[in-house]
Structure formats: C-alpha cells, structure tokens
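Asks:
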Amino acid sequence: RDVPLYAQRFSGGNGLITLNPKREAVSGLACVAHPKYTPADIPNLKAFLTAVEAAGKNVSDCFYSVPSPGTMALFCCDLVFHDHSTYVMALADALSQEYQQIAKHGLLLQVHCPDLGM
C-alpha cells in the first residue's frame with residue numbers, strides 16, 4: 018500500500034507469494050493436530066555437508082536456509098488453533114528442534130522469513 022509501484026510487481030503468479038496480499042498461499046497441506054517434531058534425516062543436509070567438505074570450506078562459514086514458522090503457517094492451513102499467533106508459536110516449538118539439529122553441525126542457520134514484512 019505504501020509503495021504501489023513496487024507492490025505491483027507481486028500481483029501476478031511470478032511474484033513472491035508470501036508478499037502478495039492478493040494471492041493466497043495454497044499448498045494443499047494442513048495442520049490437523051498439534052505440530053510435533055519427529056526426528057529424521059533432514060532432507061539434503063548430508064549432501065550439503067559433503068559438498069562443503071569437498072569444496073574445502075569451513076562449515077562455520079556456511080549457512081543452511083530454513084523456512085520460518087510464520088512462512089510455514091502461510092503454506093499449511095491451520096485446522097487446529099484458529100489463531101495465527103498461537104499456530105505460529107506451536108510451529109516454532111516444533112521447528113526449533115530441527116533448527117538445533119542443523120546448528121549442531123556448526124552451520125549458520127538462515128531463517129527465511131519474508132513473513133516478517135507482512
């Protein structure tokens with residue numbers, strides 16, 4: 018609203034979905050119970066760490082990007098809490114364990130959160 022010319026860039030299908038108030042984020046996913054973390058291999062993490070090592074890079078100089086709880090809330094319909102703040106906090110509690118697993122490897126954690134601008 019404050020920058021209409023810039024905002025127009027996000028009005029079509031090519032825009033960042035989380036920054037486009039005219040386009041609802043739809044993924045077909047829904048939260049049907051209180052979120053909980055189920056320990057498992059994190060997709061692509063082992064391959065990423067292998068690539069870091071093969072490149073001769075220090076793990077502590079690398080980052081691993083993850084979605085924020087707020088971003089997850091935009092893409093997973095809330096059928097449990099019916100309160101956005103409560104839902105985001107429940108997702109944060111569950112995701113924090115995965116974030117910790119990534120950080121244990123010495124990687125910097127980049128939390129991708131375009132939802133902060135909303």
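Counting in this note's numbering, the sequence shown runs from 18 upward without gaps. Cβ atoms here follow ideal geometry from the backbone N, Cα and C, with glycine treated the same way. Fair warning: this is a prediction, and the values are worked out from it, not measured in the lab.
1) Using only alpha-carbon positions, find the residue among Val69, Ala107, Leu62, Ser82 that is nearest to Val128.
2) Just verifying my parser: in three-state terms, what is the DSSP assignment at Asp78?
3) Helix, strand or coil for Pro52? Go by DSSP, reduced to three states.
4) With contact counted as at least three CB pairs below 8 Å, one residue from each stretch, are the stretch 104-117 and the stretch 64-73 in contact?
5) Would Ser1 be called buried (16 or more neighbouring beta carbons within 10 Å of its own) or exposed?
6) Using 8 Å as the threshold, is the C-beta distance between Ala50 and Val105 below it?
7) Let's test the definition: count the other Cβ atoms within 10 Å of the Cβ of Gly87 and tell me whether it reaches 16, buried, or not, exposed.
8) Please give the ranges of any alpha helix (DSSP H) in the stretch 81-130, keeping only runs that are unbroken, at least 4 residues long and fully inside the region.
9) Looking only at its chain, what residues have a beta carbon closer than 6 Å to the beta carbon of Thr67, apart from the 5 residues adjacent to it on each side?
10) Rounding to the nearest angstrom, what Cα-Cα distance links Gly123 and Pro60 in this structure?
Replies: A quick look at the data gives this:
1) Residue 128 sits at position 111 when you count from the first residue of the sequence shown. Selection Val69, Ala107, Leu62, Ser82 evaluated against Val128 yields Ser82 as nearest (Cα-Cα).
2) Residue numbering aside, residue 78 sits at position 61 when the sequence shown is read from its first letter. In this structure, Asp78 counts as helix in the three-state DSSP scheme.
3) As a working mapping, residue 52 is identified with position 35 in the sequence shown. Here Pro52 sits in coil by DSSP.
4) Taking a cut-off of 8 Å on C-beta distances, the stretch 104-117 does not touch the stretch 64-73, as fewer than three cross pairs fall below it.
5) With the chain running from 18 to 135 in the structure shown, residue 1 is simply not present.
6) To locate residue 50, count along the sequence shown from 1; it is residue 33. To locate residue 105, count along the sequence shown from 1; it is residue 88. No, these two residues do not count as a Cβ contact at 8 Å.
7) On the sequence shown, residue 87 is found 70 positions in, with the first residue counted as 1. So Gly87 ends up on the buried side.
8) List check, alpha helix (DSSP H) in window: 86-92, 101-120.
9) Position 50 of the sequence shown, counted from the start, is the residue given in the question as residue 67. Counting only Cβ-Cβ distances below 6 Å, and skipping sequence neighbours, we find nothing.
10) Looking up residue 123 in the sequence shown gives position 106. Looking up residue 60 in the sequence shown gives position 43. When rounded, the distance between both Cα atoms is 17 Å.
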